[in-house]
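Participant: The structure is given below, and queries will be raised subsequently.
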Amino acid sequence: MICVGAQSNVLSENSGEVYDKERDMFYRIGRFLGKGGFARCYEVTAKSRGAKPIAAKVVSRESITKKSARIKMIQEIRIHKRMKHENVVKMLDHFTDEHNVYVLLELCESQSLMELHKRRQIVTEEEARYFMGQIIDGLQYVHECHIIHRDLKLGNLFLTADMVVKIGDFGLATSVNEKGELKKGLCGTPNYTAPEMLGKKGHSYEVDIWAVGCIIYTLLIGKPPFETQTLQETYDRIKKNQYIVPARLPRYTAALIESLLHANPAKRPTIPQIRAADFFKNGYYPTALPQSCLTTAPKFDFVRRQSFLPSLPQANVRVPRPLESQPEKMILNGGDQNMNHIVKIDNGDNYLKDLLRMINNCLLSYREAQPATEDLLDPAMPIFWISKWVDFSDKFGLGYMLNDDRTGALFKDETKLMANAAGEQIQYVDYQGVEQFYVAQNVPELLKKKVTLLKYFRTFMTANLRNAGANTVVRAGDELERLPVVRIWRRMKQAIAFHLSNGTLQTNFFEDHEKFILCPLMSAITCITKNGEMFTITTQKMAEHGFSRELFNRLQAIKSVIENMLSEEVEQPVAKERTLRPMTNLGARGRSASARGFHFNRA
Numbered sequence: 332m333i334c335v336g337a338q339s340n341v342l343s344e345n346s347g348e349v350y351d352k353e354r355d356m357f358y359r360i361g362r363f364l365g366k367g368g369f370a371r372c373y374e375v376t377a378k379s380r381g382a383k384p385i386a387a388k389v390v391s392r393e394s395i396t397k398k399s400a401r402i403k404m405i406q407e408i409r410i411h412k413r414m415k416h417e418n419v420v421k422m423l424d425h426f427t428d429e430h431n432v433y434v435l436l437e438l439c440e441s442q443s444l445m446e447l448h449k450r451r452q453i454v455t456e457e458e459a460r461y462f463m464g465q466i467i468d469g470l471q472y473v474h475e476c477h478i479i480h481r482d483l484k485l486g487n488l489f490l491t492a493d494m495v496v497k498i499g500d501f502g503l504a505t506s507v508n509e510k511g512e513l514k515k516g517l518c519g520t521p522n523y524t525a526p527e528m529l530g531k532k533g534h535s536y537e538v539d540i541w542a543v544g545c546i547i548y549t550l551l552i553g554k555p556p557f558e559t560q561t562l563q564e565t566y567d568r569i570k571k572n573q574y575i576v577p578a579r580l581p582r583y584t585a586a587l588i589e590s591l592l593h594a595n596p597a598k599r600p601t602i603p604q605i606r607a608a609d610f611f612k613n614g615y616y617p618t619a620l621p622q623s624c625l626t627t628a629p630k631f632d633f634v635r636r637q638s639f640l641p642s643l644p645q646a647n648v649r650v651p652r653p654l655e656s657q658p659e660k661m662i663l664n665g666g667d668q669n670m671n672h673i674v675k676i677d678n679g680d681n682y683l684k685d686l687l688r689m690i691n692n693c694l695l696s697y698r699e700a701q702p703a704t705e706d707l708l709d710p711a712m713p714i715f716w717i718s719k720w721v722d723f724s725d726k727f728g729l730g731y732m733l734n735d736d737r738t739g740a741l742f743k744d745e746t747k748l749m750a751n752a753a754g755e756q757i758q759y760v761d762y763q764g765v766e767q768f769y770v771a772q773n774v775p776e777l778l779k780k781k782v783t784l785l786k787y788f789r790t791f792m793t794a795n796l797r798n799a800g801a802n803t804v805v806r807a808g809d810e811l812e813r814l815p816v817v818r819i820w821r822r823m824k825q826a827i828a829f830h831l832s833n834g835t836l837q838t839n840f841f842e843d844h845e846k847f848i849l850c851p852l853m854s855a856i857t858c859i860t861k862n863g864e865m866f867t868i869t870t871q872k873m874a875e876h877g878f879s880r881e882l883f884n885r886l887q888a889i890k891s892v893i894e895n896m897l898s899e900e901v902e903q904p905v906a907k908e909r910t911l912r913p914m915t916n917l918g919a920r921g922r923s924a925s926a927r928g929f930h931f932n933r934a
C-alpha cells in the first residue's frame, strides 16, 4: 500500500542514515545526486553485507500536504513500479518514515545526458545514433505499457557505468486507455514541449516523439531547437514550428529531425518508423560506448576509415577489437591518402581562459558566508581526476594515474602517453598535439622505451596498494575510448597543479592534502578532502549563497596558477614543468617541493 502524508519538515537523511521500518533495514546516506521539484536524490547503501549502492529519491512529506500532490506522488510510484526494461530506470522499492517518502531506484553511475551535454556541448553522429537507439527502445516499451512520459529531456535520460541509457523520472507520466484517449493540460519542460500541448486540444504519445526530436537536435547542434531568452518567445517558435537545421548535418539526419518535429502530431513517425530511418542505416552504429565519452569524443575518426570497415550497413553494427591507428609514416609512404586519422587534441589554451574568467567572477561576486552544505552541493562531479602522481622530471617527466587506474605520462620532450587500466591500449600524443592509438604489442620501435617507462611509473605508484588494478573491468566500447591527458603541470612549494586536455584543472595542496578540481564546462568546483570525501558546488550557487573565506583564499591561489600557465603559453607553448615565481597565496608552510630529483605522492 502506498501511503503518504504531512509530518515534519525535518529531513531525516541529515542524520546519515534512514530506516525502513517495514523491512527492518537501515540505509546509509551517501553523496548527493541531484534535485528537482520537491525531490532530492542521494546515493544510499543498505547496511547489509555485500549491498551495492542504489539511488534514493527523497520527498519531504510536508511538500505533499495537498491532496493533489499526494495523488501525483502515488501515481508516479504506481506507474514506475510497472516499468521493467533495460532502458528504463528500475524502481526497486519505496517506503516512508515520519519525515519523508523514499523511492529506491537503480543507480546510474554516469549521471545523465544533461551532464554529458554540458561537458561535451555536441556529440558525434555515431554517439547520437547509439543514444537514440536506446532511447526509442525504452520509449517503445513505455508506450506499450500505455504510458505517456511527458517529460523526456536530457536530464531524465540517465547513464549507467556501462553507458546504457535509462529513461527515468515518471513524475509527469500518465496512463491512457487503448481507445485513443487524449490527455489535456500543459506540463513538461518548455524547450521540449510539443505544439499540441500549447494548443490545449489534447495530446497523446506523439508528445514523446516530439521530445525525442528535441533531444537528438540538442545532442547534435548543442542547444534545443526552439530555445530563446524568454518563455513566451520559445512557445511562439514552437507554435510556428520555427527552427533551423544547420546545413552541416547529413540529409538523412536532417530528415529524421524534421519528421520528429512535424507540427502535426499525426504525421510524426511511429517508433518502428524511426528505427527504420536512414539515419540508423548510414554510418557507423556502435553497440557500446566508452565511459570516456562523458568528457571526450570517442575515436570514431579512425572508425570512419573504410579500410577498417566492410560494406555498410553490416559495418555499422560493431567495430573490430582492438582498434588502433595506422602510424602516420604508413600513410606518407603509400598508404591511403584519403585516411583522415590525425586528430589534434591540444588546441589553443584548452579552456584556461574560461577557467580564469570563472574564478574571477567568483572572486568579484564574493560575500563571506557559511551556507548550509545542502544549499551548495551539486551533482556535477568530475569524471576523471588524478589520484596519484610521481615526479621524475629530472630524468623523464611526470607519471600519474587517473581515478579509474588508467596511467599517463608527460615526458620532458613534451609528448604524452596514456594506457588503459589493463595496459592493453596505448594513446600517444606528440609534441604538436597530434594523437595516435596502438595496442601494447604493436607500438612502433620509437615508442617502446616510453611504454616501458609508463609501465615502470605504474608499478611504482601501485607498489603500496594491495591488488591495485587487479580487478579492473574491461567494458564493451573501451576500444573506442579517447582519454584526457595532462597537458601542463606546475610544481610549487605548497601545491602541484595539473591541466588536462578536457579543460579540467586540478590543484593539490600539500599541507592539508585537499584537492580542488575546476571544470569550466560545468562551471563547477570539486573539493576532495584528505579523507577522500568529495563535494561539488557550482559557481552559480556560490554567487547565490556566498562561500567561506578559506575557499576564497584557495581560489586566489589557483587563479595565480592559471595566470602563470597562460602567460608562459604565450611566451612558449610547451607542455612541461617550468619554475614558477614565488607564490604567497597558497597557504601556510608546506612540504619541500624541489623540482629536481624524485618525488612520489598519492594525490
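In this note's numbering, the protein residues as written are 332 to 934. For each residue, glycine too, the CB sits at the ideal point set by N, CA and C. Fair warning: this is a prediction, and the values are worked out from it, not measured in the lab.
DSSP on H474, reduced to helix/strand/coil?
Facilitator: helix
Participant: Could you tell me which uninterrupted beta strand (DSSP E) segments, each at least 3 residues in length, are contained entirely in the stretch 812-849, listed from first to last along the chain?
Facilitator: Within the stretch 812-849, the complete beta strand (DSSP E) runs of at least 3 residues are 817-822, 826-831 and 836-840.
Participant: In the DSSP assignment, find the alpha helix (DSSP H) that holds Y787 and state where it starts and stops.
Facilitator: E776 to M792
Participant: Give the straight-line distance between the Cα atoms of E908 and R813, rounded to the nearest whole angstrom.
Facilitator: Residue placement at E908 is flagged as unreliable, the pLDDT there being 40, under the threshold of 50; the coordinate-derived value follows with that caveat. The alpha-carbon atoms of E908 and R813 are separated by roughly 24 angstroms.
Participant: Return the first residue and the last residue of the beta strand (DSSP E) that Y373 is part of.
Facilitator: A370 to A377
Participant: On a CA-only basis, which of F878, Y350, S879 and N691 is nearest S891? Give me that one, please.
Facilitator: N691
Participant: According to the Cβ coordinates, are L625 and I714 closer than 8 angstroms?
Facilitator: yes
Participant: For C858, which residues does DSSP report across the bridge?
Facilitator: F847 and F866
Participant: Give me, in chain order, the residues of the same chain whose beta-carbon lies closer than 6 angstroms to that of Q452; leave out the 5 immediate sequence neighbours on both sides.
Facilitator: Shown here for Q452: same chain residues with a beta carbon closer than 6 angstroms to its own, the five before and five after excluded, namely G553 in chain order.
Participant: Just how far apart, CA to CA, sit K780 and V770?
Facilitator: The alpha-carbon atoms of K780 and V770 are separated by roughly 15 angstroms.
Participant: Pull the bridge partners of I479 from the DSSP assignment, please.
Facilitator: T505, per the DSSP bridge assignment.
Participant: What residue range does the beta strand (DSSP E) around E348 cover?
Facilitator: E348 to D351
Participant: Express the C-alpha separation of A874 and K724 in angstroms, rounding to a whole number.
Facilitator: Note that residue 724 is Ser in the sequence shown here, rather than Lys. Roughly 39 angstroms separates the two Cα atoms.
Participant: Report yes or no: do the stretch 350-368 and the stretch 419-432 share at least 3 C-beta pairs separated by less than 8 angstroms?
Facilitator: yes
Participant: For the candidate residues Y433, L435 and V538, whose alpha-carbon lies nearest to that of K598?
Facilitator: Nearest in C-alpha terms to K598, of all of Y433, L435 and V538, is V538.
Participant: For the candidate residues F840, H830 and T835, whose alpha-carbon lies nearest to that of M896?
Facilitator: H830
Participant: Considering only the alpha carbon of each residue, which of L694, A619 and V389 lies closest to G368?
Facilitator: V389
Participant: Taking all protein chains shown into account, do 16 or more other C-beta atoms lie within 10 angstroms of the C-beta of A578, making it buried, or fewer, making it exposed?
Facilitator: The residue in question, A578, is exposed, as its Cβ has fewer than 16 Cβ neighbours within 10 Å.
Participant: Measure from the alpha carbon of V419 to the alpha carbon of each residue in T857, V495 and Y461, then state which is nearest.
Facilitator: Per the C-alpha coordinates, the member of T857, V495 and Y461 positioned closest to V419 is V495.
Participant: Throw me the rounded Cβ distance for the F611 and G730 pair, which I believe falls under 8 angstroms.
Facilitator: F611 to G730, Cβ: 43 angstroms. No contact.
Participant: Could you check the C-alpha separation between K484 and R359 for me, to the nearest Å?
Facilitator: 30 angstroms
Participant: Is it buried or exposed, E695, if we count other Cβ atoms within 10 angstroms and call 16 or more buried?
Facilitator: According to the sequence displayed, residue 695 carries Leu and not Glu. With fewer than 16 Cβ atoms within 10 Å of its Cβ, L695 is classed as exposed.
Participant: Which residues in the same chain as W716 place their Cβ atom closer than 6 angstroms to its Cβ, once the five residues preceding and following it in sequence are excluded?
Facilitator: N734, Q837 and I848
Participant: Name the DSSP beta bridge partners of V760, please?
Facilitator: K747 and E766
Participant: Going straight from the alpha carbon of G486 to that of F727, what length do you get?
Facilitator: 44 angstroms
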